[in-house]
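Add 932 to the 1-based position in the sequence shown for my numbering, that's all there is to it.
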Amino acid sequence: MLSRILPFVLVVFAAAVARADEPTARVVPFHGYDRAVEMTLGKAKVVLCPQVGGRVLEFSVDGKDALWLDPAEKTWQPGKPAPSSAGRFDYGPELVVTPHPKTWGGEWTAEVGKDGAVKLVGPKEEPAGIQVTREFRFLQHGEAVGLACKQTLTNVGKETRDVCHWGRSFSPGGGICVIPLGDRPSRFPSKYAMYEDSAVINVRATDEKIRERDGFLEILAPPRKPKLGFDTFGGWLAYALPNDTLFVKRFVAFPDRVYNEAAGLTLSVWYPTGPRIELEPIGPRERLKPGDSAAFTEEWWLLSHPFPKKGESLDLKALAKQVLAETAEPK
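Below is the structure:
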């Protein structure tokens, strides 16, 4: 049974007090948002935002947050536009998708399950013709607690739509992004594409802030141009933060399917100068006839990992070994 949080009505059901090792979900105030949904399991905490865009506002373990929340959001007031930051999701393909402002920044509803899972349901929107739902559930792997973020796209219009999942979460800047190249050759001579001015996609780019090492690409700091694309099928990326944590996103990559971003990307990173970085898993093309749905899941983990001191480098092989040992393989 589900408890649904409507825009102005909260239906509360009685429930037994959960143990610390059981997932819980409850409605809480969070800065300016008065109907945020807080999920907890052990030392892990997630805060969801149905009021503006169906996002994740916090994903933390032991008080260390993987996400960057724009300070302007802390003073948000109902009825006012809100900056969209922290754990954002979207759908593409980026350059040709029909605009969907209600889905991106409008009000969603929340359904809280007795098992501690939460479903956010977006508005039906024309002319985009796509309705989005997002389901959030804790994962456990050994002592680690992760978050499964499942986005489902449903064609509620009258025309066939080509769409794809597009993760767009913000994390604090100043870290190092690690991308496994996998065992399949890249189509890009530089192993990545850099988006230059005038929509030029440069696949022979060089940048001193991006290096290939031990089968990985490292983005050490904001590069010459912030938007980068990758065609790896490695199925994960990691972001090492200066607070000695490692934010890991795992997802299923499909070598035999079509990826319909302009450069056929499976992953993108936007790393401008400033306080944030955007980590963007991309799903394959979904050709949806009216009434059809398709889902894509990102699995998030936050691990303890030392940030390299000045003049030192990450041990990439040890990092990859930790990711594979301490997180679950996505299904």
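Each residue gets a CB set at the ideal place from its N, CA and C atoms; glycine is no exception.
Neighbourhood of residue i by C-beta distance below 6 Å, restricted to the same chain and skipping five residues each side
{"i": "R1156", "result": "D1139"}
{"i": "P1207", "result": "G1105"}
{"i": "C1109", "result": "I1151, Y1171 and V1201"}
{"i": "P955", "result": "L973, G1048 and F1070"}
{"i": "G1161", "result": "A1125, A1195, L1197 and S1200"}
Limits of the alpha helix (DSSP H) - the one that residue i falls within
{"i": "W1040", "result": "From DSSP, W1040 is part of no alpha helix (DSSP H); its letter is neither H nor E."}
{"i": "K1051", "result": "Premise fails: K1051 lies in the beta strand (DSSP E), V1050 to V1053, not in any alpha helix (DSSP H)."}
Residues near residue i in its chain [Cβ-Cβ closer than 8 Å; skip 5 each side]
{"i": "A1194", "result": "P1025, E1026, L1027 and I1133"}
{"i": "E1091", "result": "G1061 and P1222"}
Backbone secondary structure at residue i - three-state DSSP
{"i": "Q1083", "result": "strand"}
{"i": "A957", "result": "strand"}
{"i": "V1255", "result": "helix"}
{"i": "P1112", "result": "strand"}
{"i": "K876", "result": "What is shown of the chain runs 933 to 1263, which leaves residue 876 out entirely."}
{"i": "K977", "result": "strand"}
{"i": "D1129", "result": "helix"}
{"i": "A1250", "result": "helix"}
{"i": "T1013", "result": "Thr is not the amino acid found at residue 1013; the sequence shown has Pro there. DSSP places P1013 in coil when its eight states are reduced to three."}
{"i": "P929", "result": "No answer is possible for residue 929: the residues shown for the chain start at 933 and end at 1263."}
{"i": "P1033", "result": "helix"}
{"i": "Y1023", "result": "strand"}
For residue j and residue i, believed in contact at Cβ under 8 Å, the rounded distance
{"i": "T1030", "j": "G1054", "result": "Not really, about 14 Å apart at Cβ, beyond 8 Å."}
{"i": "P1213", "j": "K1181", "result": "6 Å"}
{"i": "L1211", "j": "Y1171", "result": "6 Å"}
{"i": "I1111", "j": "L1199", "result": "7 Å"}
{"i": "V1077", "j": "V993", "result": "7 Å"}
Enclosing beta strand (DSSP E) for residue i [first to last residue]
{"i": "E1231", "result": "S1225 to S1236"}
{"i": "K1181", "result": "T1177 to R1182"}
{"i": "Q1072", "result": "I1062 to H1073"}
Test: residue i CB closer than 8 Å to a CB of chain C
{"i": "R1116", "result": "The question asks about chain C, but that chain is absent: this structure has only one protein chain."}
Residue burial classification, residue i (beta-carbon count within 10 angstroms, cutoff 16)
{"i": "A1004", "result": "exposed"}
{"i": "A1250", "result": "exposed"}
{"i": "T1065", "result": "buried"}
{"i": "T1205", "result": "exposed"}
{"i": "V969", "result": "buried"}
{"i": "P982", "result": "buried"}
Cut-off 7 Å between Cβ atoms - residues of its own chain near residue i, not counting five sequence neighbours on either side
{"i": "R1093", "result": "G1061, I1062, N1087 and L1220"}
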